[in-house]
Amino acid sequence: MKVPKSTKTLNNILIICVLFLSHGLLAQDVAIKKKDQAHIDSLKSTPYPYFLPIYGDRVQKLGHDLPLPFGIMVNYVGQETRLDITNMQLSFDGSEFVPMEFIQFDTVKNTAHVVNVRADAWIFPFWNVYALYARTQSINNIELISPFEFEIPTEPTADTYGMGTVLAYGSGNYFAVANFNAAWSHISSLNEPVFGTITSFRVGRSFGFRKRYHNINLSIGLQHQYLARNSTGSLPLKDVFSRFDQAKLQEIKDEIGDAAHNWYDDLRPSQKIIVDKLVTEIDNWLTGRTPGDAELGYRFDKEPLGSVSLQLGVQYNHGKSWWYRMETGVGRGRVQILLSANYRFGL
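For the sequence shown, numbering that gives the first Met the number 0 assigns the number 0 to the initial residue and increments by one for each residue that follows.
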């Protein structure tokens, strides 16, 4: 069967791109160093044993030692993020949301502990794709500062699913890596998944040991984290009230009554309805008249103080199959540390 000329041309262009980008190629922060001539000759004469990456056989015939094409990675991420809560809206038992602009919060400190699992494959020698799952346990320090003051402790959990891609290039001992992923987090305190993306770019250098495939890689880069601003959730008031003892609830109720002389009269009718219902529900809970089953709905915008961080990383490769990485990130309103173990294999 005769192959159309246009198809041949497209294939030739793709092969040229693969061979160009594979010069000194790397895999996730790992530069492929120049090998001794005997090893290069061995690579050129040995058939490539795996079906991925595409054109891996052609790259190996040029004398490049490709990393194993598949990987399973387990990461731990500890992160502290500071963000502002704005545009607060409340509702009771499914009623319309009412803007409550008089409610103001101090900057929230979110501390998150994340364990994620990532499975990846090199489709081309320079292009990697992956899927990820993460489990998060968070601690939020939420402080109401107006119209009165009190703390709201929350410890939401989240299940996150996502996908991403990596583009990599290297020359000699130097490398560059661009990463992008998109994920959806199902947070226990919110009704709808929260969408977020991470985009990063790193450059670095590989330092080899005497033993082949054992090396240290140092990297520096920038990371941008985007988080959808709008959040909506609801919970029974008993879940809120149960976090306080009765003396604290009575104090909150009295404080609302005392402070109301200063701000209640300035509220719109719809806002007064929400405040009145909240005071009534607190009173009913304290006296045992109701179990606190009324649903409090909330909607707000969250605005991180910063979205960009400087990333510094070090990775140790113990042979071709095991890679270990530590990375820290520092930016306005955020601090992060990552610990990672990556097992690579071929099929």
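Using N, Cα and C, we set each Cβ at its ideal position, and we do this for glycine too. Everything numeric in this text was worked out from a predicted model, so none of it was measured.
Notebook entry, point to check: Between Phe344 and Ile84, which are expected to be in contact by the criterion C-beta below 8 Å, what is the C-beta distance as a whole number of angstroms?
Noted result: The count along the sequence shown starts at 1 and reaches residue 344 at position 345. The count along the sequence shown starts at 1 and reaches residue 84 at position 85. No, Phe344 and Ile84 are not in contact; Cβ-Cβ is about 45 Å, not under 8 Å.
Legend entry - Helix, strand or coil at Gly296 [DSSP, three-state]: As a position in the sequence shown, residue 296 is number 297, starting the count at 1. Correct three-state label for Gly296: strand.
Under the three-state DSSP convention, the category Glu302 falls into
Translated into positions along the sequence shown, residue 302 becomes position 303. Strand at Glu302.
**Prompt:** Between Ala227 and Val193, is the Cβ-Cβ spacing less than 8 Å?
**Reply:** In the sequence shown, counting from the first residue as 1, residue 227 sits at position 228. In the sequence shown, counting from the first residue as 1, residue 193 sits at position 194. Yes, the Cβ-Cβ distance between Ala227 and Val193 is below 8 Å.
Name the DSSP bridge partner or partners of Gly194? The sequence position of residue 194 within the sequence shown is 195, counting from 1. Gly is not the amino acid found at residue 194; the sequence shown has Phe there. Note: Phe194 sits in a beta bridge opposite Trp183.
### Message
Considering only the alpha carbon of each residue, which of Thr231, Ser94, Ser170, Val202 lies closest to Leu217?
### Response
What you label residue 217 is simply residue 218 of the sequence shown in a count that begins at 1. Among Thr231, Ser94, Ser170, Val202, the Cα nearest to that of Leu217 belongs to Val202.
**Asked** If you compare alpha carbons, which of Ile138, Arg117, Ser145, Asp238 is closest to Gly161?
**Response** Residue numbering aside, residue 161 sits at position 162 when the sequence shown is read from its first letter. Checked all of Ile138, Arg117, Ser145, Asp238; the closest Cα to Gly161 is Arg117.
Check your understanding: For the candidate residues Gly287, Asp292, Ser188, Tyr315, whose alpha-carbon lies nearest to that of Asn214?
Key -> As a working mapping, residue 214 is identified with position 215 in the sequence shown. That would be Tyr315, whose Cα lies nearest to the Cα of Asn214.
Just to confirm my understanding: we take Asn283, look at its own chain, exclude 5 residues before and 5 after, and list those with CB closer than 7 Å. What are they? The residue labelled residue 283 in the question sits at position 284 within the sequence shown. Taken in chain order, the residues that qualify are Thr289.
Residue from Gly328, Pro303, Lys237 with nearest C-alpha to Glu280 = The sequence position of residue 280 within the sequence shown is 281, counting from 1. With distances taken between Cα atoms, Glu280 lies closest to Lys237.
Which residue from Glu250, Thr159, Thr198 puts its Cα closest to that of Val114?
-> As a working mapping, residue 114 is identified with position 115 in the sequence shown. Measuring from the Cα of Val114, the nearest candidate turns out to be Thr159.
Would the beta-carbon of Trp126 fall within 8 Å of that of Pro68?
-> Working through the sequence shown from its first residue, we reach residue 126 at position 127. Working through the sequence shown from its first residue, we reach residue 68 at position 69. It is not a contact, given that the beta carbons lie outside the stated cut-off.
Spell out the partners DSSP gives His112 in its beta bridges.
Counted from its first residue, the sequence shown places residue 112 at position 113. For His112, which the question treats as bridged, DSSP gives the partners Gly77, Gln136.
### Query
Based on the DSSP secondary-structure assignment, which residues constitute the bridge partners of Gly330?
For this step, residue 330 is matched to residue 331 along the sequence shown. Paired residues: Ser308, Arg333.
field: As assigned by DSSP and simplified to three states, the class of Thr156
entry: On the sequence shown, residue 156 is found 157 positions in, with the first residue counted as 1. Here Thr156 sits in strand by DSSP.
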